[in-house]
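> Letter by letter, the sequence shown follows residues 1 to 661 in full-length UniProt numbering.
Don't be surprised by glycine CBs; every beta carbon is placed ideally from N, CA and C.
Sending over a structure as structure tokens; questions will come in a sec.
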Amino acid sequence: MLIVVFHFNFLQIHMAREFQFFILSILIHQNFNKGQDTIHCSYSKDASSAVTYLILPSILCKQKFCINWDCVASPKTWNCSLGGSCHQIQMKNAAICSCVVENSLVYTPHNGYVYCITSISDKYNGNSHMAKRSGESLTYMEYYKSRHGISLMWPNESFLIGRHLFKMQNFLIRRQFREEKESSTAGVELPPELCVVMLSPVTISTLYSYTFVPSVLWRIESTLLAAGLKKSHLDHCMQNVIPATKVLEALTTKKCREQFSLESLETLGDSFLKYAASLHLFEGNKHHHEGLLTHKKEKMISNAALYRLGCSHQIPGFILNEAFDPTNWIIPGAGFDFFSNGQIFYSPSRTMYNRGERSMKGKTVADSVEALLGAYLSSGGEKTALYFLKWLGVTLTFNEKVLDDVAFVSKPEMYIDIKFLESLLQYSFTNPSLLVEALTHGSYQIADIPRCYQRLEFLGDAVLDHLITVHLYNTYPNLSPGLLTDLRSASVNNDCYAHAAVKAELNKHILHASSELHKQMEFYLRNFKQSFSGTSFGWQAGSALPKVLGDVIESIAGAIFVDSGFNKGTVWKSIRPLLEPLVTPETMEYHPVRELEELCARKAYHKNYSITYEDCIASITVEVEVAGDIVTAKRTARNRKTAKQLAARAVLESLKHIAQF
1 MLIVVFHFNF LQIHMAREFQ FFILSILIHQ NFNKGQDTIH CSYSKDASSA VTYLILPSIL
61 CKQKFCINWD CVASPKTWNC SLGGSCHQIQ MKNAAICSCV VENSLVYTPH NGYVYCITSI
121 SDKYNGNSHM AKRSGESLTY MEYYKSRHGI SLMWPNESFL IGRHLFKMQN FLIRRQFREE
181 KESSTAGVEL PPELCVVMLS PVTISTLYSY TFVPSVLWRI ESTLLAAGLK KSHLDHCMQN
241 VIPATKVLEA LTTKKCREQF SLESLETLGD SFLKYAASLH LFEGNKHHHE GLLTHKKEKM
301 ISNAALYRLG CSHQIPGFIL NEAFDPTNWI IPGAGFDFFS NGQIFYSPSR TMYNRGERSM
361 KGKTVADSVE ALLGAYLSSG GEKTALYFLK WLGVTLTFNE KVLDDVAFVS KPEMYIDIKF
421 LESLLQYSFT NPSLLVEALT HGSYQIADIP RCYQRLEFLG DAVLDHLITV HLYNTYPNLS
481 PGLLTDLRSA SVNNDCYAHA AVKAELNKHI LHASSELHKQ MEFYLRNFKQ SFSGTSFGWQ
541 AGSALPKVLG DVIESIAGAI FVDSGFNKGT VWKSIRPLLE PLVTPETMEY HPVRELEELC
601 ARKAYHKNYS ITYEDCIASI TVEVEVAGDI VTAKRTARNR KTAKQLAARA VLESLKHIAQ
661 F
């Protein structure tokens, strides 16, 4: 990085500010009249002279970089580099030296266009014939007379070769969203007498460089805004370990279409919030059943609750929720009072200016709050994340020690094969009563076992979710936005856990007294046994199995977590082998219902689902209309979800087969 210190006087600052505002206004609006309106409006509003940025052209002089003051001063004046000895060209506003005209920025008042002059032609003048697509022979003099009603006064004057200005783009968005087509590089022949010089000297490369300025400065401004949130709201309660760029990521939604968005951090923050709230409630409400704990958790960390917390801390004002538009960008030096004279105060010592109003969904605010939590968790650890939650107004406390109120089972070995299960889990229980509780279904009610697995399932669900999410986040740090969410969805669900339970034959160790549950497990294990030998992720894994099998994986995780003194590493070491192989970006399969939805939306296919029930068996038919033909599939299962998955999968296979021909 090259750093050079320049000292400006007041006149130079004023001149530099005018140049910057002028050239950016012209490039943004691509029209002299619109650019002038913006400039005059800004100056008439007495915009602040305290310009934050000055982006100025430089030149190499005596082997060091200097400000190109000839270019900066050109909106006011320009001088002949050859001392007036070169050829004079009659422009619309005056006779000007050819060295000034070449490499200048001009506009043509008859149409308001702006051009960069790259050369002076020795081939074209007013008497030259134009190349018309229609084959019509027409001189430039005749063209301007018939088209614009202009009579050229100096028809023998050599024409200028100009180029249309580069289009101002948002260079921050991902390439697939960017307009790759640039303005034409072909030269435009211009009569000098119709052109007014605005800037000189200014090269075409300088103009091209300035098209990047709005995007670059917007990134700087956005990062400073994120740093402002971090400094004014958050640094007072924790160590300064969070990069401003991480906070910016947590404030950027996918609507901005940038290389990053809040989705991965939101997924990470969501899993930690679920884990921390579950542990807090599990410890603080020792006699509450799973249903009541779940209700309290949802009330505490729901999107509605997070939205209210975010709004109370002015977080919506920092969220970036739309793609940057250079044409709406406020040029440095314009002054805030031109756009709004309203202010809101977000801390006792700092002011945030209100530059307008916008609408935003409550879920967007909630997602950003979770993403900020994920940012603080990933950069500063759990203690820092808990400080952030406390700042928000969510105080979660828990003691990382073995609980002393675990339901005691006098002879646990009478009910389960403890040695086998400990060998399977690679973990020895200090209190085997927890393992008995983790395997006890609600239907198994005997005096010696006072609790079923539901409380441990409530805790284990959150612990496993967080462990798997952290594993995916750390293993694949460069995932595209949204892919972490897909990987988590493919791994953290009851179907995958149920599949893992059957592979480990945990179904043989569940304590229950439900004939219906016994029938369900026997039926599926007998008819779908061959499908339970593969991976434990993906939509097909465990989709036909009773929910209790997935619950048991979660309850065992909860039991190990409590028995080990809330050691998440111990839980992961024990449960991970049961879930192997874990999903990867290469092996992940999208849910067939979602895949069909996205395909139909992308191809504008019309689809329809219909469902019927017979003897508690769900039957779903999917119909998709493709180019006048109907592709249909019908599948049955014991529940609607599984039948819909199977039907969607069958239709997808048919559609892919059709696409091959």
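Could you tell me the distance, in whole angstroms, from the CA atom of Phe339 to the CA atom of Ile330?
Start at 1 with the first residue of the sequence shown, and residue 339 comes out as number 339. Start at 1 with the first residue of the sequence shown, and residue 330 comes out as number 330. Here the model assigns Phe339 a pLDDT of 38, short of 50, so the residue's position is not dependable and the matter cannot be decided.
> Measuring only the C-alpha atoms, how far is Gly393 from Val365?
Start at 1 with the first residue of the sequence shown, and residue 393 comes out as number 393. Start at 1 with the first residue of the sequence shown, and residue 365 comes out as number 365. Computed Cα separation, rounded: 16 Å.
> How close, in whole Å, do the beta carbons of Ile120 and Ser146 come, if the pair is a contact with beta carbons under 8 Å?
Within the sequence shown, residue 120 is the residue found at index 120, counting from 1. Within the sequence shown, residue 146 is the residue found at index 146, counting from 1. About 26 Å separates the two Cβ atoms, so there is no contact after all.
> What is the DSSP secondary structure of Val197, counted as helix, strand or coil?
Along the sequence shown, one-based indexing puts residue 197 at 197. Strand at Val197.
> Does Pro581 pass the burial test, meaning 16 or more other C-beta atoms within 10 Å, or should it be called exposed?
Position 581 of the sequence shown, counted from the first residue, corresponds to residue 581. So Pro581 ends up on the exposed side.
> Counting along the chain, where does the beta strand (DSSP E) carrying Ile638 start and finish?
By 1-based counting over the sequence shown, the position of residue 638 is 638. The amino acid occupying residue 638 in the given sequence is Arg; Ile does not appear at that position. Careful: Arg638 lies outside any beta strand (DSSP E) and carries neither H nor E.
> From this set, Ser379, Phe429, Leu54, Val624, which residue's C-alpha is nearest Pro477's C-alpha?
Here residue 477 is taken as the residue at index 477 of the sequence shown, counted from 1. Nearest option by C-alpha distance: Ser379.
> Could you give the first and the last residue of the continuous beta strand (DSSP E) run that contains Tyr208?
Sequence index remark: in the sequence shown, residue 208 carries index 208 (1-based). Careful: Tyr208 lies outside any beta strand (DSSP E), inside the alpha helix (DSSP H) at 204-210.
> Where DSSP assigns a beta bridge to Gln90, which residues make up the other side?
Translated into positions along the sequence shown, residue 90 becomes position 90. DSSP, once it has assigned bridges, lists Ala95 as partnering Gln90.
> Per DSSP, what kind of secondary structure is Arg163 in: helix, strand or coil?
For the purposes of this step, residue 163 is taken as the residue at position 163 of the sequence shown. It is a strand residue.
> Suppose contacts are defined by Cβ-Cβ distances below 8 Å. Is Leu396 in contact with Ala276 by that definition?
Mapped onto the sequence shown, residue 396 falls at position 396. Mapped onto the sequence shown, residue 276 falls at position 276. It is a contact, given that the beta carbons lie within the stated cut-off.
> Would you kindly check if the distance between the Cβ of Ser368 and the Cβ of Ile449 is under 8 Å?
Numbered from its first residue, the sequence shown carries residue 449 at position 449. Numbered from its first residue, the sequence shown carries residue 368 at position 368. No, the pair does not count as a contact, with Cβ atoms beyond the cut-off.
> What residues in its chain sit with their C-beta under 8 Å from that of Asp325, if we drop five residues either side in the sequence?
Position 325 of the sequence shown, counted from the start, is the residue given in the question as residue 325. Same-chain partners within the cutoff: Asn170.
> Could you tell me which residues DSSP puts in a beta bridge with Phe10?
Within the sequence shown, residue 10 is the residue found at index 10, counting from 1. DSSP lists no partner for Phe10.
> Could you check whether Val202 and Asn93 sit closer than 8 Å to each other, using their CB atoms as the reference points?
Mapped onto the sequence shown, residue 93 falls at position 93. Mapped onto the sequence shown, residue 202 falls at position 202. Not a contact, by the Cβ cut-off of 8 Å.
> I'd like the list of long-range same chain contacts for Arg638, defined as Cβ closer than 8 Å, with 5 residues on each side in sequence excluded.
Sequence index remark: in the sequence shown, residue 638 carries index 638 (1-based). Result list for Arg638: Gln520, Ala544, Cys616, Ile617, Ala618, in chain order.
> Can you give me the start and stop residues for the alpha helix (DSSP H) that Thr118 sits inside?
Residue numbering aside, residue 118 sits at position 118 when the sequence shown is read from its first letter. Taken as a continuous stretch (DSSP letters only), Thr118 belongs to no alpha helix (DSSP H), being part of the beta strand (DSSP E) at 113-120.
> Enumerate in chain order the residues of its own chain whose CB-to-CB distance from Pro412 is below 8 Å, with the five nearest sequence positions on each side excluded.
If you number the sequence shown from 1, residue 412 lands on position 412. Once the five neighbours on either side are set aside, the close Cβ partners of Pro412 are Ile418, Pro432, Ser433, Leu435, Val436.
> Tell whether a beta-carbon distance below 8 Å holds between Leu248 and Leu27.
Residue 248 sits at position 248 when you count from the first residue of the sequence shown. Residue 27 sits at position 27 when you count from the first residue of the sequence shown. No, these two residues do not count as a Cβ contact at 8 Å.
> In its own chain, which residues sit with a C-beta less than 6 Å from the C-beta of Asp563, not counting the 5 before and 5 after it?
Counting from one through the sequence shown, the residue named residue 563 turns up at place 563. Phe429, Thr430, Asn431, Leu434.
> Taking 8 Å as the cut-off, decide whether the C-beta atoms of His471 and Ser271 are in contact.
Counting from 1 along the sequence shown, the entry for residue 471 is found at position 471. Counting from 1 along the sequence shown, the entry for residue 271 is found at position 271. Taking 8 Å as the Cβ cut-off, His471 and Ser271 do not qualify as a contacting pair.
> So, using beta-carbon positions, are Asn502 and Leu549 closer together than 8 Å?
Position 502 of the sequence shown, counted from the first residue, corresponds to residue 502. Position 549 of the sequence shown, counted from the first residue, corresponds to residue 549. It is worth fixing the name first, because residue 502 is Val in this sequence and not Asn. Yes. Within cutoff.
> Quick test of your reading: Leu160 and Val114, contact by CB under 8 Å. State the CB separation rounded to the nearest angstrom.
As a first step, residue 160 is located in the sequence shown; it is residue number 160 there, counting from the start. As a first step, residue 114 is located in the sequence shown; it is residue number 114 there, counting from the start. Contact doesn't hold; Cβ gap of about 13 Å is too wide.
> Which term fits Phe523, buried or exposed, when burial requires 16 or more other beta carbons within 10 angstroms of its beta carbon?
Position 523 of the sequence shown, counted from the start, is the residue given in the question as residue 523. With fewer than 16 other Cβ atoms within 10 Å, it is exposed.
> Restricting to Cα atoms, I'd like to know which of Lys573, His518, His591, Leu511 is closest to Val552.
Taking the sequence shown and counting its residues from 1, one reaches residue 552 at position 552. When only C-alpha atoms are compared, the closest one is Leu511.
> Taking buried to mean at least 16 other C-beta atoms within 10 Å of its own C-beta, is Tyr376 buried or exposed?
Translated into the one-based positions of the sequence shown, residue 376 becomes position 376. The residue in question, Tyr376, is buried, as its Cβ has 16 or more Cβ neighbours within 10 Å.
> In the DSSP assignment, the alpha helix (DSSP H) including Tyr143 goes from what residue to what residue?
As a first step, residue 143 must be located in the sequence shown, where it is residue number 143. Segment 140-148, the alpha helix (DSSP H) holding Tyr143.
> Note down, in chain order, each residue of its chain lying with its Cβ closer than 7 Å to the Cβ of Glu258, except the 5 sequence neighbours on either side.
Here residue 258 corresponds to residue number 258 of the sequence shown, with the count starting at 1. Answer for Glu258: Leu172, Ile173, Arg174, Thr252, listed in chain order.
> Just checking my contact of Pro75 with Asn68 at CB under 8 Å: how many whole Å lie between their CB atoms?
By 1-based counting over the sequence shown, the position of residue 75 is 75. By 1-based counting over the sequence shown, the position of residue 68 is 68. With 8 Å as the limit, Pro75 and Asn68 do not qualify as a contact, their Cβ atoms being about 13 Å apart.
> Does DSSP put Phe420 in a helix, in a strand, or in coil?
Looking up residue 420 in the sequence shown gives position 420. Looking at Phe420 - three-state DSSP - the assignment turns out to be helix.
> DSSP beta-bridge partners for Phe65?
If you number the sequence shown from 1, residue 65 lands on position 65. Answer is Leu60.
> Who are the Cβ neighbours of Ile242 in its own chain at under 8 Å, not counting the five residues just before and after it?
On the sequence shown, residue 242 is found 242 positions in, with the first residue counted as 1. Around Ile242: Lys230, Leu234, Ala375, Tyr376, Ser379, Gly380, Thr384.
> Quick one: give me the first and last residue of the alpha helix (DSSP H) that His280 is part of.
Here residue 280 refers to the residue found at position 280 of the sequence shown. His280 -> alpha helix (DSSP H) spans 263-284.
> Between the alpha carbons of Glu357 and Val72, how many angstroms are there, rounded?
By one-based count along the sequence shown, residue 357 stands at place 357. By one-based count along the sequence shown, residue 72 stands at place 72. Straight-line Cα distance between these residues: approximately 36 Å.
> By how many angstroms is the C-alpha of Lys568 removed from the C-alpha of Val463?
Indexing the sequence shown from 1 puts residue 463 at position 463. Indexing the sequence shown from 1 puts residue 568 at position 568. Each residue's Cα considered, the two are about 7 Å apart.
> With a CB to CB cut of under 6 Å and the five nearest residues on each side skipped, what residues in its chain are close to Leu425?
In the sequence shown, counting from the first residue as 1, residue 425 sits at position 425. Excluding sequence neighbours, Leu425 sits near Ser574.
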